[in-house]
Ligand code: FUB
Ligand code: ZN
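Numbering (the numbering used here), first residue to last: 17 to 666.
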């Protein structure tokens, strides 16, 4: 097993925050002991259960330990599973016996809530087991079990715990007995992809082919029978599992066409990227080129036509979904934190198939911008929706923008994002490198010490860098086996200038799909020094993105920057930045936990009060100094305006 120990100052702070604040906080929330206000996602969403979490209590009731009924979304169980998965990675990094005790108690509780035949879902165990698997459009049963399986594999791998893996296998076996092409089984799939990811992980952990086949079955069956959800719903008489959701367009569930025939990312964004993650894992695992081509088409459509500059995806609140190419509105978009996280997952799987730096770059973009913006610097407040432009007054009064929160709530009625962040940050060590039988790829510049196990033997890589702020990385590669190993080091596309030295000698950069390859001879150590100039960049959007025409966004290295009201006053859309204004960078260690700040002189337009709405007189211009901060750090100083795309001053 490979082991990557992250030492990066930037990421260690986050990982410690997750371990010390987020995991305990989320545990209290799941147990209804956090004493916090849970917010609704948007106005007039009376159907959203948001008085409490009740997630652990649902398990207690299902296990027969207490009396009561189910509360919360049908997928409330997944909040607990994602928490458990985050705990697994956290224990992998640093053993903590008090936390381990909580995890073991939780595993016991889950095992007790499991039905004797392996079925696992508190909603149906409490409200009527006879209705299970009959309302899959909204029931999330397989989605929840998929999350449990992921947590179980992670926990088993981190601690060697066998019980959790047994519970997962039992659940997967129950699914296998009930779904598949054979007569008498259900020929269908879940309304929300996730089980496919879980089953593939279980296959990787156990080598049991049935799990691989079942994952493939679910992936390939989707879209072949587009009326499946409607037909189930027409005869369903059980408890309300998001009733009416089956009426959504088939594309909401990626059910409009067989997956291998889908060319564009359609429907609910998280569903799409979870589907793609599993599809790419399947392609990498089986080497199936047709499946890979489908992944590639969806990847290209998402990242070249439908992704925000922050790595956010999902252009509309309606169905939390993709819309059409180049439709990327900055202030009504969705950009759910989970969707950015799902894009990171998808990129990781694509890197297993093809050594192209574009996957690592999108991973980096989504990670350092949209995903990280999903949590506050205190680790106890979270965004579900990550806008690129906010005016708090409009969020309050305009129902079309009520989903766009100007500050992160402590918790949300639909709490999928916070524990997803916890599991992603605690497992970040899995995203630094890709190891295949052909090469090792250095995808992310994250200070760390790694022992990577390859077919040729162990390779140790130590990265020394103060990235994401500083402009260099020293990568020491020791090939401890006797066979030569090919190592690809990513050459970042945002770098203005790259200088490479190998063992002290300057080497001309000769990248191949964004990687510089180095052969590391057996039993040798190579020291690579990479200097990458992180100039401040002005980004201009494709002119098909109507919302960004005439605008500019600022970035440095992996970060996209934004303006906040607290630094730059009100009415941020009235600011104009000329193309030749000089942008300056400095690191402010006292601001927002230590961030790089960009300043520049710009112009502010203003009309006079009382002039009326429209005038033949152009607005007057005044000089103003702007202060940009990295997007991920916004909304940590109270409620205020924020903007990423600034008007250009021509
Ligand atoms: O349906 C489960 C999760 O809830 C989705 O992934 C999120 O988008 C939220 O709707
Ligand atoms: Zn979410």
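C-beta: ideal position from N, C-alpha, C; glycine also. Fair warning: this is a prediction, and the values are worked out from it, not measured in the lab.
- By the criterion of a C-beta distance shorter than 7 Å, residue 556 is surrounded in its chain by 568, once the five residues flanking it on both sides are discounted.
- Residue environment for residue 539: exposed (fewer than 16 other C-beta atoms within 10 angstroms of its C-beta).
- Nearest to residue 337 by C-alpha distance, out of 369, 296 and 265, is 265.
- Contact between residue 102 and residue 39 holds, since their C-beta atoms are separated by about 6 Å, short of 8 Å.
- A direct Cα-to-Cα measurement between residue 534 and residue 295 gives close to 30 Å.
- Distance from the CA atom of residue 448 to the CA atom of residue 20, rounded to whole angstroms, is 8 Å.
- Secondary structure note for residue 536: its beta strand (DSSP E) is the uninterrupted segment 531 to 536.
- By the Cβ test, the region 444 to 462 is in contact with the region 483 to 498, since at least three Cβ pairs between them sit closer than 8 Å.
- At a threshold of 6 Å, residue 354 counts as near the ligand ZN, since its beta carbon sits closer than that to one of the ligand's heavy atoms.
- In this structure, the C-beta of residue 245 stays at least 6 Å away from each heavy atom of the ligand FUB.
- Note that the region 322 to 330 touches the region 281 to 300; at least 3 beta-carbon pairs, one per stretch, sit closer than 8 Å.
- If the five residues before and after residue 134 are omitted, its C-beta is found closer than 7 Å to the C-beta atoms of 186, 187, 189 and 190, all from its own chain and listed in chain order.
- Just so you know, the alpha carbons of residue 149 and residue 195 end up roughly 9 Å apart.
- The alpha carbon of residue 498 has as its nearest neighbour, out of 541, 526 and 36, the alpha carbon of 541.
- In this structure, residue 652 places its C-beta atom within 7 Å of the C-beta atom of residue 392.
- Looking at 240, 607, 382 and 371, the one whose alpha-carbon comes closest to that of residue 353 is 382.
- With respect to the 7 Å criterion, residue 550 and residue 573 are classified as neighbours on the basis of their beta carbons.
- For residue 596, the closest of 274, 619, 374 and 28 by C-alpha to C-alpha distance is 619.
- Here residue 248 carries a helix assignment [DSSP, helix/strand/coil].
- Taking the Cα positions, residue 110 is about 19 Å away from residue 435.
- In this structure, residue 365 keeps its C-beta atom at 7 Å or more from the C-beta atom of residue 319.
- Note: residue 579 is bridge-paired with 644 and 659 in the DSSP secondary-structure output.
- Following the DSSP letters along the chain, one finds residue 437 inside the alpha helix (DSSP H) bounded by residues 433 to 442.
- DSSP places residue 337 within a strand segment (E or B) once states are collapsed to three.
- Going by beta carbons, residue 355 and residue 379 fall outside the 7 Å limit.
- When DSSP states are grouped into helix, strand and coil, residue 380 belongs to the helix group.
- Straight through space, the alpha carbons of residue 267 and residue 282 are spaced by roughly 6 Å.
- Rounded to the nearest angstrom, the gap between the Cα atoms of residue 298 and residue 18 is 21 Å.
- Under the DSSP assignment, residue 268 falls outside any alpha helix (DSSP H); it carries neither an H nor an E label.
- For residue 117, the number of other beta carbons within 10 angstroms of its own is below 16, and it is reported as exposed.
- For residue 120, the closest C-alpha among the options 93, 154, 168 and 346 is that of 168.
- At least one heavy atom of the ligand FUB falls within 6 Å of the beta-carbon of residue 208.
- Listed in chain order, the non-local C-beta contacts of residue 163 below 8 Å within the same chain comprise 93, 94, 97, 98, 101, 210 and 214, local neighbours out to five positions each way being set aside.
- A straight-line Cα-Cα distance of about 16 Å links residue 27 and residue 605.
- Between residue 351 and residue 401 the beta-carbon gap is near 6 Å, inside 8 Å, which marks them as a contact.
- According to the DSSP secondary-structure assignment, residue 604 is paired through a beta bridge with 611.
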